[in-house]
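Asker:
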Amino acid sequence: MIGAGVIGVTTAWYLRQQGVNVAVVEQRAGVAQEASFGNAGVIAPGYVTPWAAPGMPRKVLSYLFAAEAPVLFRPSLNPALWRWVLRWLGECRLERYRENKSRMQRVAFYSRDQLHRLRDQLSIQYEQSQGYLQLLRAQRDVEMTAPARDLLDAAAVPYRMLEPAECHELEPGLSQSAPLAGGILLPEDEAGNCPLFAQALRRAAEDAGVRFRFNTPVDALVVEGGRATGIMARGHRYEADAVVMAAAVGSVPLLSACGIRIPLYPVKGYSATVMLDPLAIGPRRALMDEAYKTAITPFANRIRIAGTAELGSPRLTLRDAALRTLMRVASDWFPGAGRYSDAQFWVGARPMLPDGAPLLGPTPVDGLFLNLGHGSTGWAMACGSGRVVADVVVGRTPEIPLDGLTLERYR
Ligand SMILES: Cc1cc2nc3c(=O)[nH]c(=O)nc-3n(C[C@H](O)[C@H](O)[C@H](O)COP(=O)(O)OP(=O)(O)OC[C@H]3O[C@@H](n4cnc5c(N)ncnc54)[C@H](O)[C@@H]3O)c2cc1C
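First residue of the sequence shown: 9, per our numbering; consecutive thereafter.
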């Protein structure tokens, strides 16, 4: 296994459950240190959706010169970026959106079942909370939820439209003065601390015999006679019967060196973590401010505020305007709930494919498998993806169909 983000850790766990001898090679000093570290923690299969959606290109264009935009495109001369954007534009058509969304939801619903099973089996606690509430600031935002509600109906996902007073009843900490026209409650969706989960699963996986080799950046895959036979890391060769690539953004150069090109591109996002004032009433469940596409999630005695999708920014540096937006959203809804001036900021890269669904399973190289490209919903898809890929590696038929989820879709 290459990569010990939430995707690598879950895959390693399920492989071990199938009796495979597993070693996970990771460049960082522990699990879930990159994209999996500071995410919003939302597990909302009902709302899993591709970034490529009708209306998105216009939205991105309209934000092109705005500093505090929830989605930002920073054009550059990088050809990989433009190839990605062209593909992404093609995927914004309604019929492509519907298809991509249903592929993602297939993985996400399966994943939630697997997560619950694992949670029961191992008694893992990861600061989980139940329910997901979308906050709609203006009447126009309420009206604009009609297509999303149609999709929820079509997928038989339970939800409830709420009046402002009902939102306040469910979330007594919400400011009375913030503009609120209504909400959508998804009672079956949930949230939890992704790195905490990954650490707990790592311990269980180690107890079950999985070996983790940290501080070990993989330099290359070893492919001989069309078959993956190991990896090169720090000048050493490590033999393996099979290799699973779960290195998110780091997978691209390793795969491309053996002739597999995938249209994966990092989409930057930010989060802030704030200690709750013990006397304040914080959020009770994960909330989403639809206007700013910013999530506010309760984690025990903290709140996590996360959002902004930034395409084309090559470096993972914090950007003041994005952080200000996060702070503004949090203090609009929960003024005084925590010391926002002491927030811990984080920036991460969503490993995003232009059509949205992850890449799971086999490659043209025998013995080389993929589990990557989970974009903005990798935590929500981790257990399902891990289980599916482990099944494929050992030659079992996965419990969900893989059509549209493998590399075949780009060939
Ligand atoms: C702001 C933000 C908010 C988000 N909110 C949510 C959310 O609410 N819900 C949700 O489901 N998802 C969310 N996501 C997305 C989610 O965090 C990602 O999809 C998920 O973490 C991807 O997991 P991963 O294991 O593939 O990637 P990573 O966690 O990045 O793991 C990849 C690992 O591979 C390692 N690696 C890379 N290259 C090499 C190499 N050459 N050698 C060895 N190791 C290597 C890296 O060090 C890393 O540990 C959010 C993301 C962001 C940025």
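By construction, the Cβ of each residue, glycine as well, lies at the ideal position given by its N, Cα and C atoms. Keep in mind the model is a prediction, meaning the values are calculated, not measured.
Is N47 close to ligand 1? I mean its beta-carbon at under 7 Å from any heavy atom of the ligand.
Answerer: At least one heavy atom of ligand 1 is nearer than 7 Å to the Cβ of N47, so yes.
Asker: Tell me whether L326 is buried or exposed, calling it buried when 16 or more other Cβ atoms sit within 10 Å of its Cβ.
Answerer: L326 comes out exposed.
Asker: Do A388 and A163 come within 8 Å of each other at the CB atom, strictly closer than that value?
Answerer: Against a cut-off of 8 Å, the Cβ pair of A388 and A163 comes out as no contact.
Asker: In whole angstroms, give me the CA-to-CA distance for L415 and T385.
Answerer: Looking at the two C-alpha atoms, the distance is approximately 19 Å.
Asker: Pull up the distance between the alpha-carbon of G181 and that of I311, whole angstroms please.
Answerer: Their Cα atoms are separated by approximately 13 Å.
Asker: Can you give me the Cβ contacts of L287 inside the same chain, cut-off strictly under 6 Å, excluding the 5 residues immediately before and after it?
Answerer: Result list for L287: empty, nothing under 6 Å.
Asker: Let's see if you can read the secondary structure: which residues bound the beta strand (DSSP E) around Y273?
Answerer: That run of the beta strand (DSSP E) goes Y273 to M283.
Asker: Tell me whether P359 counts as near ligand 1, meaning its Cβ is closer than 7 Å to at least one heavy atom of that ligand.
Answerer: Checking the Cβ of P359 against ligand 1 gives yes.
Asker: State the start and end residues of the unbroken alpha helix (DSSP H) segment that holds A64.
Answerer: First, the residue type needs correcting, since residue 64 is Met and not Ala in the sequence shown. Note, M64: alpha helix (DSSP H), M64 to S70.
Asker: Between which two residues does the beta strand (DSSP E) containing S137 stretch?
Answerer: Where S137 is concerned, the enclosing beta strand (DSSP E) stretches over S137 to L144.
Asker: Quick check: the stretch 189–209 against the stretch 47–64, are at least 3 beta-carbon pairs closer than 8 Å?
Answerer: Touching, per the Cβ criterion.
Asker: Could you tell me the alpha carbon to alpha carbon distance between P261 and P78, rounded to whole angstroms?
Answerer: Those two C-alpha atoms are separated by around 29 Å.
Asker: Relative to the C-alpha of E171, which residue among R82, V150 and Y278 is closest?
Answerer: Checked all of R82, V150 and Y278; the closest Cα to E171 is V150.
Asker: Since Y140 contacts A294 with CB under 8 Å, what's their CB separation in whole angstroms?
Answerer: Confirmed, Cβ separation roughly 5 Å.
Asker: Does ligand 1 have even one heavy atom less than 7 Å from the beta-carbon of I51?
Answerer: Yes; taking the cut-off as 7 Å, the Cβ of I51 has a heavy atom of ligand 1 nearer than that.
Asker: P203: buried (16+ other C-beta within 10 angstroms of its C-beta) or exposed?
Answerer: Classification for P203: buried.
Asker: Please determine, among F205, V230, M335 and V252, the residue with the shortest C-alpha to C-alpha distance to S44.
Answerer: The candidate whose alpha carbon is nearest that of S44 is F205.
Asker: Ends of the beta strand (DSSP E) at W90?
Answerer: Premise fails: W90 lies in the alpha helix (DSSP H), P87 to G98, not in any beta strand (DSSP E).
Asker: Starting from T237, follow the beta strand (DSSP E) in both directions and report where the run begins and ends.
Answerer: R235 to A241 is the extent of the beta strand (DSSP E) around T237.
Asker: With distances taken from CA atoms, which of D363, R292, D399 and R358 is nearest L378?
Answerer: Measuring from the Cα of L378, the nearest candidate turns out to be D399.
Asker: If contact is defined by three or more beta carbon pairs under 8 Å, each pair taking one atom from either stretch, is the stretch 18–27 in contact with the stretch 342–352?
Answerer: Taking 8 Å as the limit for Cβ pairs, the verdict is that the stretch 18–27 does not touch the stretch 342–352.
Asker: Spatial neighbours of D340 within its chain, please: CB distance less than 7 Å, with the 5 preceding and 5 following residues excluded, ordered by chain position.
Answerer: Excluding residues within five positions, the ones whose Cβ falls inside 7 Å are S183 and A186.
Asker: Report, in whole angstroms, the separation of the C-beta atoms of Y418 and P271, which I expect to be a contact under 8 Å.
Answerer: About 7 Å; that satisfies the 8 Å criterion.
Asker: Return the chain-ordered list of same chain residues with a C-beta closer than 6 Å to the C-beta of T281, the five sequence neighbours on each side being excluded.
Answerer: Around T281: R310, R312 and Q352.
Asker: How about G49 and T305: do their beta carbons lie closer than 8 Å?
Answerer: Result yes, Cβ atoms of G49 and T305 sit closer than 8 Å.
Asker: Pick helix, strand or coil for A357, following the three-state DSSP scheme.
Answerer: Note: A357 maps to strand in three-state DSSP.
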